[in-house]
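Some notes on the structure that comes next.
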Amino acid sequence: MARDELAGLIERAALAAQARGLLPDVKLPEFTVEPPTRAEHGDYATNLAMRLARAARMSPTAIAATLIQSLPANDVIACAEVAGAGFINLTLNPQWVARRIAKILEVDGAYGNNSTGGGRRVQIEFVSANPTGPLHAASGRAASLGAALGNLLRASGWQVELEYYVNDAGSRLAVFGESILARYLAARGVTGPRTEVPKEGYLGEYVTEYATHLAAEHGDRFEVMAIEDAIPLLARMGAEHMIERHRADMAALGIEFDVWFREQSLHDSGDVTAIVDELRQRGHVADRDGAVWFQTTALGDDRDNVLVRSNGTPGYMTADIAYHRNKFITRGFDKVIDIWGADHQGHVGRMKASMQAIDLDPERLTILLHQMVVLRRGAEVVTMSKRQGNIIALSDVIEEVGPDACRFFFLTRSADSQMDFDLELAKRQAADNPVYYVQYSHARTSSILQVASSRGIDPPTGADAAPYSHPGEIALVRFLIHYPQVVADAATDLEPHRLTFAAQELASLFNAFYRDCRVLPSDHVPLDTATVRSRLLLVAATRAVLAHVLSLIGVSAPDRMDRSDEPTE
RNA sequence: GGCCCCGUAGCUCAGUUGGAUAGAGCGUUUGGCUACGAACCAAAAGGUCGGGAGUUCGAAUCUCUCCGGGGUCACCA
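Residue 400 in our numbering sits at position 400 of the first sequence, and the numbers go up by one each step.
Listed below in structure tokens is the structure:
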């Protein structure tokens, strides 16, 4: 990547200067090499001279001058100059840049990838909603985040597995079964207390719909059955039904999980009881009030947690510890990323503590929290309670605004930032979604290449690489050169939202280039062949990078867009 | 009350991990198609970066403190 190459040259300059006694022999500090905010400051700028000033006891500008003098011979940097308080502004060699642009096409879709993952295995677990109801719109955030992060890490040389954890064994499930039974009996024409949904039960319309469907399909089957048998059976059937709907929603968003992991499997295999024994052996357990407690306070958490309730059933956390043990020890992932909503924030410390308790390095587990999505219909804030049933279903959102707009939208804010989601607004603004701006630019590149081809102009190749000089070309080229670094940094920092911003910036740069720099000759604008070919190369390179970033985000890169494709009514 | 996230243009949000004159989209005003796609482009207006103090060559970014918004503190998940 350009930045690494430049940093290497700068570092060699510093070492050379030290060897010749031009700079004192101090340890080199961390320094940055990055595109400056202002174009006239060159392609890249480094702050090494300023960072070195204190230890070297020299003025930053003097150090900068010395570093420039000591730069080794190379074909990357065309010009280096001292600026401001001691910055070194670097201008890339136009020949080198042109060759780099040509390479974008030669590597065939791989431009933008990096190998920082080094083939290590990472698992990303996300969404993992309870199968007691349909996914609500807010789940789109975790889904978009997780899927894009997976793409990002895969493009960075990681072996990625996407996983959905299905809580098919929790105590909520029984309540779900009771809720279904009540609605089912009502649908069968039964009256009285048996048709009342339990106190903490699920009141959503979807329960009634499902129960009515059951009544039609199965007749009196669950009515004549013993209630102790009917509840777990209905719970299981209802859960399977919901899981299929979750799967369908994810598929509609273009997200396919490698593994749908069942909590029940951990109970069946004995892993859940085994983890309690293991924790006891390691001395992290206390028996109190008839329950078994995990002494997380001893590990820095603010309270202890129940492993086995006094009624003998395992606590929520017990299966979760067994689950994470399974991820690391049974399946051997090098790294695990869990994506949780901010409402689970309090659980982070406990999870880390439990890693420590079973002798796993907590650093291998990253818990990525995203802030809440506030759902509303116009001015009315809609609660996200699945129990109350007053939800905006994710499937409705996908249907209304389309998968591309949905995926892109949820990545237009950083995970740390709270998000308002207004379904009415989303519908109305579907056509204004920035995803279309980016896709339009991609279609435009395709169109230009198409027109060129129809006029008998050969597709551009590496042989067309020639220095770019127009400001519109240069701004675009700069972005393309820097792009792989954007991907690498977003992957390192686990911040996929940078992709949507990068995509919009690239589209904007391309559109400005398109206005200022004619690519194909016309009656009004004659162009020499070399210019046409080098610009065509730039268009093709832009197209490749737009396609790359769109694929990381998880949306399509269409070659044409028609107004009639608008998802508005 | 403890812990976590946020507070940046009228609105919604970025801000390359401490750098040069703080940016984008939407909205407002104005201009641009007989041209490779106008779902586009350009210009203008719009800011005590919540307030205050500190750290240093340099702070939207780091520390402390206060104010405001959200989340969370169960033998629920």
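The beta carbon of each residue, even a glycine, is placed where N, CA and C say it ideally should be.
Going along the chain, which residues of its own chain have a beta-carbon closer than 6 Å to the beta-carbon of residue i, five neighbours each way excluded?
i	result
residue 427	400
residue 13	67, 70 and 71
residue 113	155
residue 160	122, 150, 153 and 154
residue 391	136
residue 61	82 and 86
residue 326	none
With residue i and residue j assumed to form a contact (beta carbons below 8 Å), what rounded beta-carbon distance in angstroms separates them?
i	j	result
residue 404	residue 224	With a Cβ gap of about 49 Å, residue 404 and residue 224 do not count as contacting.
residue 499	residue 553	5 Å
residue 26	residue 55	4 Å
residue 573	residue 437	Residue 573 lies beyond the range of the chain shown here (1 to 569); nothing can be said about it.
residue 548	residue 109	7 Å
residue 491	residue 156	4 Å
residue 468	residue 98	7 Å
residue 127	residue 144	No, residue 127 and residue 144 are not in contact; Cβ-Cβ is about 10 Å, not under 8 Å.
residue 107	residue 337	Actually they are not in contact, since the Cβ atoms of residue 107 and residue 337 sit about 28 Å apart, beyond 8 Å.
residue 349	residue 270	Actually they are not in contact, since the Cβ atoms of residue 349 and residue 270 sit about 28 Å apart, beyond 8 Å.
residue 352	residue 365	7 Å
residue 370	residue 142	6 Å
residue 550	residue 503	7 Å
residue 184	residue 133	No, residue 184 and residue 133 are not in contact; Cβ-Cβ is about 16 Å, not under 8 Å.
residue 519	residue 535	4 Å
residue 475	residue 2	The Cβ separation is near 15 Å, so there is no contact.
residue 546	residue 445	7 Å
residue 243	residue 166	6 Å
residue 374	residue 322	Rounded, the Cβ-Cβ distance is 34 Å, inconsistent with contact.
Counting along the chain, where does the beta strand (DSSP E) carrying residue i start and finish?
i	result
residue 44	44 to 46
residue 90	87 to 92
residue 381	380 to 382
In the DSSP assignment, the alpha helix (DSSP H) including residue i goes from what residue to what residue?
i	result
residue 582	Beyond the ends of the chain as shown, which are 1 and 569, falls residue 582; an answer cannot be given.
residue 374	No alpha helix (DSSP H) holds residue 374; the beta strand (DSSP E) holding it covers 373 to 377.
residue 266	263 to 268
residue 531	529 to 553
residue 176	172 to 187
residue 231	227 to 252
residue 15	2 to 19
residue 124	From DSSP, residue 124 is part of no alpha helix (DSSP H) but of the beta strand (DSSP E) over 121 to 125.
residue 572	One cannot answer for residue 572 here, as it falls past the ends of the chain, which runs 1 to 569.
residue 271	271 to 281
residue 216	205 to 218
residue 67	60 to 69
residue 328	Element bounds for residue 328: n/a, residue is neither H nor E.
residue 221	221 to 224
Using DSSP bridges, identify the partner residues of residue i.
i	result
residue 314	308
residue 136	393
residue 341	370
residue 83	87
residue 286	293
residue 163	125 and 259
residue 113	111
residue 365	336
residue 34	45
Here's a check: name, in chain order, each residue in its chain whose Cβ is nearer than 8 Å to the Cβ of residue i, leaving out the five neighbours to either side.
i	result
residue 36	42, 44, 45, 87 and 89
residue 276	285, 292, 307, 308, 314 and 318
residue 453	459
residue 302	349
Apart from the five residues on each side of it in sequence, which residues of its chain come closer than 7 Å, Cβ to Cβ, to residue i?
i	result
residue 210	180, 238 and 241
residue 23	14, 17, 56, 63 and 66
residue 9	71, 72, 74, 76 and 77
residue 31	46, 47, 48 and 51
residue 101	465, 477, 480, 537, 538 and 541
residue 289	310
residue 264	168 and 169
residue 564	Here the model assigns residue 564 a pLDDT of 49, short of 50, so the residue's position is not dependable, and the following value carries that caveat. For residue 564, where only same-chain residues beyond five positions count, there are no Cβ hits under 7 Å.
To test your reading of the DSSP string, which unbroken beta strand (DSSP E) runs of 3 or more residues are found completely within the stretch 398 to 481?
419 to 422
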